[in-house]
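A short write-up of the structure that comes next.
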Amino acid sequence: MIESSLKQLAAALAAKQVSAVELATEFLDRAERHNGALNVYITLDRQKTLAEARAADQARADGSAGPLAGIPVAHKDIFCQEGWRTTCGSKMLGDFVSPYSAHVVEQCQAAGLVTLGRTNMDEFAMGSSNENSHFGAVKNPWDGAAVPGGSSGGSAAAVAARLAPIATGTDTGGSIRQPASFCGITGIKPTYGVVSRFGMIAYASSLDQGGPMARSAEDCALLLNVMAEFDARDATSLAREREDYARDLDRPLAGLRIGLPKEYFADGLAQDVAGVIDAAIAEYRKLGAEVVEVSLPNTELAIPSYYVIAPAEASSNLSRFDGVRYGHRAAQFDGLNGMYEQTRAEGFGWEVKRRILTGTYVLSHGYYDAYYLQAQKIRRLIANDFQAAFAQCDVIAGPVAPTTAWNLGEKRDDPVAMYLADIYTLGVNLAGLPALSVPAGFGSNGRPVGLQLIGNYFSEARLLNAAHRFQLATDWHCKAPAL
């Protein structure tokens, strides 16, 4: 069952070849067996999981179940879930049990999906390697010496290692696509506002977006159907008619125009990654797609722009963690200000502190115009670049990251080197566009490489179609690490 697609799992459940309890038990047993080595899950709760599975079995028995009822899902530990510990990978929320559920979790529960556990992540989603978690680094299941990517590294590793069939993730600057690439799975970041951020612990509110992570584009489409719905509790949620993201999966690619940004294939892209991307583009040509060169001239400005805007929003969002209302509080302090200072000093890790300080600085008097305002202007230029490119093509293709997954500890003490690894993903978030990573091969070190496909606003179905047709012609998404 661990190698089955969502359609296959749903069919087996409908035919009573397996029960939701049996399916959950199989994945729980596997998760408990391998979690010690991979550190994928922060929280597993067999009692809660099996209670949800029994409810799914009952719903199927009385005919009230949806098509995906009883299928297990792992939730990134950034989505609040009633009755579950929700840590966001931080000591600050290490013992926090949420009194309510995020909209994404509610949607999954309404569909009858069964929560397997809460996946590890970079603290408050700040990181590209999953080494910033208070609960320790996640190991890449393809190579235990490698990072899984971040911040959704736990979700990516869980799916890759077959410790969950599907998982939720969030993407602020590439945090679904980059770990999907590093772990050899499929992950899509939808258009900003398609998935509600209610109950998703905020990092950078104008950039954060939830999305699905799975082995295949088809599975991602089915999970996105569950996750995406208007939510009045989120002011940035878009009031749109629901759509079936799987509707165009089998549409032929003849006539599809794929744009290759020349800036994505310049100096800095590793040769082994470039070779995989070239082979993937050649496959698309065989499938009938037309390839054109496009330009995204402000690509290099995405990094400084993002690392001004995101920390600025983080400094505001994380001010709520003060030891007064919930979360960690220092045991010893001197006065109210002392409590604030000591609590935040103890509760936040170094990367979170670095970004809070950066964000506070760029928003301070005398620096707002020089940094934050300029970054927002660059953001508009980047969005305009994408629109100019889409006048020439339907989909933009390129690498997700300049290299394959690096080794644990390799870049941890060099934040600038870590930030530079996000050069191909950040612009998508700044522009609010949808994009996905699809497994496309392996680098010279045997570590996975993902192909990034970027679409115009609300073109998720087209992106998933392009990824699905590629996966029908290749088997990279079927490869599994040896555990």
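Here this note's numbering is used: position 317 in the sequence shown is 491, and no number is missing along the way. Ideal placement from N, C-alpha and C gives every residue a C-beta, glycine not left out. Keep in mind the model is a prediction, meaning the values are calculated, not measured.
- Taken through DSSP and simplified to helix, strand or coil, serine 302 comes out as coil.
- Around the beta carbon of leucine 187, 16 or more other beta carbons sit within 10 angstroms, so the residue counts as buried.
- Taking the CA atoms as reference points, asparagine 603 sits about 26 Å from alanine 320.
- The alpha carbon of asparagine 304 has as its nearest neighbour, out of Tyr535, Glu525, Gly572 and Leu607, the alpha carbon of Glu525.
- In this structure, alanine 299 keeps its C-beta atom at 8 Å or more from the C-beta atom of serine 370.
- Comparing C-alpha distances from alanine 331 to each of Lys222, Asn314, Asp345 and Gly343 shows the shortest one belongs to Asn314.
- The stretch 176-248 is shown to contain whole beta strand (DSSP E) runs of 3 or more residues at 215-218, in chain order.
- Residue pairing for isoleucine 432: DSSP places it in a beta bridge opposite Val465 and Val569.
- Between the C-alpha atoms of phenylalanine 564 and leucine 242 there is a straight-line separation of about 35 Å.
- In this structure, DSSP gives isoleucine 628 an extended state, which the three-state scheme calls strand.
- Per DSSP, reduced to three states, the secondary structure at alanine 320 is strand.
- In this structure, the straight-line span from the alpha carbon of proline 246 to that of leucine 180 is close to 10 Å.
- Residue nearest to glycine 263 within the set Ala225, Gly324, Asn209 and Ile432 is Gly324 (criterion: CA-CA distance).
- If the five residues before and after cysteine 282 are omitted, its C-beta is found closer than 7 Å to the C-beta atoms of Val247 and Val400, all from its own chain and listed in chain order.
- Your pair alanine 227 and alanine 198 checks out as a contact, with CB atoms roughly 4 Å apart and the cut at 8 Å.
- Out of Gly572, Ala591, Ile375 and Arg518, the CA that lies nearest to the CA of tryptophan 580 is found in Ala591.
- Each residue's CA atom was taken as its position, placing alanine 205 and glutamine 645 some 27 Å apart.
- In this structure the stretch 365-384 touches the stretch 408-417; the number of beta carbon pairs closer than 8 Å is three or more.
- Relative to proline 485, the option among Val466, Gly521 and Leu537 whose CA is nearest is Leu537.
- Taking the Cβ atoms as the reference, lysine 250 lies roughly 20 Å from glycine 521, outside the contact range of under 8 Å.
- Aspartate 424 and aspartate 393 have their C-alpha atoms roughly 14 Å apart.
- In this structure, Gly318 is the residue among Gly318, Glu403 and Gly624 with its C-alpha nearest to the C-alpha of alanine 211.
- In the displayed model, proline 622 falls within a strand according to three-state DSSP.
- Around the C-beta of cysteine 567, 16 or more other C-beta atoms lie within 10 Å, and the residue is accordingly described as buried.
- Our two residues, alanine 276 and phenylalanine 253, have alpha carbons roughly 6 Å apart in a direct line.
- The continuous alpha helix (DSSP H) containing serine 489 extends over residues 476-491.
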